[in-house]
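These notes concern the structure reproduced below.
Chains as they are written, first to last, in the working numbering: chain V, 30 to 434; chain F, 30 to 489.
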């Protein structure tokens, strides 16, 4: 674990990151073009490509921080154990589940993803894992972002991928996430007009202030002022997620001649130890709506795009005593986009019987996330086996056909 | 078991030294203070010097005079142009003042953030707020930030009377409280030009800078002090030779004054100076300023015995600020082992950036943050300065602004290890609840946000 020093990262602060990266400041309303530190040869090659092809293959990497409960997202309705393990959660859905093949079904909030599935541009992959063997969010995320089979805070798999293929990437973030570290073809962008804090922070603070009356009183009246909790009349403003703003801006920065080849988005709020039913109703809807905005913003480029959606690990198969689930192991991965040859569920189902669970508590991972992503890189960005070793040194890609040819 | 109160977490003496008296640990300061917190505090009191990279108040006075001249000329030109139909745009005169204010305000913040003597910077900010000037109007915009640099900092560890005199004779204070045009009713000046007395500065000296509003002075005392400092003025750049403070003898009220039952027969500038020196050593001043110091550094309700001790030290040592601070450090009442006070925005921002060991925050972003959080430098809007009562900073929207800012800073600090920051900033003085919340946060960004917004980091 090197280079965790704060001082070394001061370049990522507002002081200098934008100018150093020759980055044009943009506000959400008016997005200017990105300018990259390109060599002239690179620029020429780029022009030629643009002239010859309708569009270049694009990748969007969406990291769900906090560990998405895959069993509540891609529900194994056929598995007898499911309702036994989750009596409350299994009956918390407000509308009917959205059917997939093999008896799986999507959470009802994911109605757009379900439509993509029907249009064959979505592949849900069940029971995956990065290979990270423990249950810490920080380490799990770092591991998934590094992609090396160990944690390296200075190098991420997506950064290594764009280095191999001489591509350019954008992190929709205030500072570079590990996934995109170690390449100088990466820029960061984040709307300056967006309030950062979200409901998860507020909920966590509310808990943190449980013994501090005055801080708690300030927080609660602050939330009331912002319309985030019911006021005296019980009114609550409709949840306005910020993810949709980020995907919209992200799409704009990916289209056009200067558009980047790939982008990374992050979305938190998945650490649902309690009240999971209603939290995931909201969070999955925010994810779903955001992705729709990404698609519409990408326009024709959607046909050349693969969106990879992953999370650091899964959650316990059994629901806990507070209407939620705790840190687990096996989770899910989604591949979406016009370039995807979808409409089927991938991965192999390990079963939910106690002896089938990992350490008798978590969904057993049966496939490796990086092997699926490696598959996307070889089919979408024409990575050779040798090149792929530079990105994921320890895994081999699966050879299912995941993309349209 | 937690008590159901704000102050349940027991904090170590090192934590108290670093966070209650300073701007929070930078690097391993907490460990340094661990050995001997009291000794560490004493070693923190070092003189503050400002370098010459920023304009002196004299330069600002010159630039301001130039600006006014340019403006006058421009107005004339415009009048001419509009008469002749020539509407050519004129170049606007440069706003020297605003730039000076921004650069100097940010420099003070950045120095406090980077300093290894943050206790001294807390003390400077305390007196800068005690002698608060507000940047309203072009001239004050330029001058406001020079007061702490030129008049306050050099007497920071010296005697209060010297600081008081320096402040009341500084152009920023004289102009802010209108003394530069206050003339004795019986002075030659008044007879010739029909100018008179302005009580503003004298009143605030008594009410805010020295005795305090319950300090036992009367309206007559206000007038007597005002007369005593008549003629304390500022040279008009361009019209007079030189810049800065000037004593206009022909504007000084002649005669003997009576302030707080004491007679002042001195002539000229010496009269007002003696009045201020006596005020500085008045027991009511000792009481007023010692209360403010204890209320600032320790907590909302400093104990009577602590105040008594500090006042005695003040009176015994010529109002020596260093001696009074040592007395504060020595008093057991200054070290209650639970948090005593919610940080004001300035303290919160500086301590956050120190905890993250940031070298430099962009000036504009730093000042925008303080505006957002409600404590823009040199903008208290009243000579009483910003409130030092925690209730005034605990408002709902102020809280939301802090959360937003903490989340933003954490977003910029993806490489930061929140556990490490927690250890460096708070040591072991963290509740199980806070520790768990930080360690079990769903992402590194959220972990850092929770740490910064935790009761242990928000209070001291």
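Beta carbons are placed, not taken as given, at the ideal position from N, Cα and C, and that holds for glycine.
The beta-bridge partner set that DSSP reports for residue 287 of chain F consists of F:292. In the assembly as shown, residue 107 of chain V is an exposed residue. Its beta-carbon has fewer than 16 other beta-carbons within 10 Å.
Around the beta-carbon of residue 463 of chain F, 16 or more other beta-carbon atoms lie within 10 Å, marking it buried. Between residue 306 of chain V and residue 121 of chain V the beta-carbon gap is near 3 Å, inside 8 Å, which marks them as a contact.
Each residue's CA atom was taken as its position, placing residue 294 of chain F and residue 252 of chain F some 16 Å apart. Within chain V, the residues placing a beta-carbon under 8 Å from that of residue 483 of chain F are 237, ordered along the chain. Taking C-beta atoms under 8 Å as the contact rule, residue 453 of chain F and residue 51 of chain F fail to qualify, at a distance of about 14 Å. When secondary structure is reduced to three states using DSSP, residue 99 of chain V falls in the helix class. At a cut-off of 8 Å between beta-carbon atoms, residue 226 of chain V makes contact with chain F. Boundaries of the alpha helix (DSSP H) harbouring residue 66 of chain F: 66-73, taken from the DSSP string. At a cut-off of 8 Å between beta carbons, residue 255 of chain V contacts chain F. Relative to the Cα of residue 199 of chain V, the nearest Cα in the group V:314, V:289 and V:112 belongs to V:289.
Within its own chain, the residues whose Cβ lies closer than 7 Å to the Cβ of residue 303 of chain V, once the five positions on either side in sequence are excluded, are 351, 352 and 353, listed in chain order. In the structure shown, residue 153 of chain V adopts extended strand secondary structure according to DSSP, grouped into three states. Close CB contacts of residue 316 of chain F within its chain, under the 6 Å cut and outside five residues either way in sequence, are with 340 (chain order). Residues of chain V whose Cβ lies closer than 7 Å to the Cβ of residue 478 of chain F are, in chain order, 230.
For residue 206 of chain V, the chain F residues whose Cβ falls inside 9 Å of its Cβ are 443, in order along the chain.
Per DSSP, reduced to three states, the secondary structure at residue 425 of chain F is helical. By the neighbour-count criterion, in which a residue is buried when 16 or more other Cβ atoms sit within 10 angstroms of its Cβ, residue 222 of chain F is exposed. By the 16-neighbour rule on beta-carbons within 10 angstroms, residue 191 of chain F is buried. Assigned with DSSP and collapsed to three states, residue 308 of chain V falls in helix. Annotated three-state conformation of residue 261 of chain F is strand, per DSSP.
Assigned with DSSP and collapsed to three states, residue 90 of chain V falls in strand. Note on the stretch 377-461 of chain F: whole alpha helix (DSSP H) runs with a minimum of 4 residues are 392-402, 425-441 and 447-455, in chain order.
Boundaries for residue 310 of chain F: no beta strand (DSSP E) harbours it, and the DSSP string shows neither H nor E there. Here residue 474 of chain F is buried, its C-beta having at least 16 other C-beta atoms within 10 Å. With respect to the 8 Å criterion, residue 366 of chain F and residue 40 of chain F are classified as neighbours on the basis of their beta carbons. Secondary structure of residue 196 of chain F (DSSP, three-state): helix. By the beta-carbon neighbour count (other beta carbons within 10 angstroms, threshold 16), residue 125 of chain V is exposed. Of the residues assessed, residue 441 of chain F falls on the buried side of the cut-off, its CB having 16 or more other CB atoms within 10 angstroms.
Judged by DSSP in its simplified three-state form, residue 371 of chain F adopts strand. Under the Cβ distance rule, residue 470 of chain F counts among the residues neighbouring chain V, one pair being separated by less than 8 Å. In the three-state reduction of the DSSP assignment, residue 483 of chain F falls in the coil class. A distance of 8 Å or more separates the beta carbons of residue 407 of chain F and residue 88 of chain F. Only those residues of the stretch 395-416 of chain F whose C-beta falls short of 7 Å from the nearest C-beta of chain V would be listed, and there are none. Contact residues of the stretch 156-172 of chain V toward chain F are 166, 167 and 170 (C-beta to C-beta distance below 8 Å).
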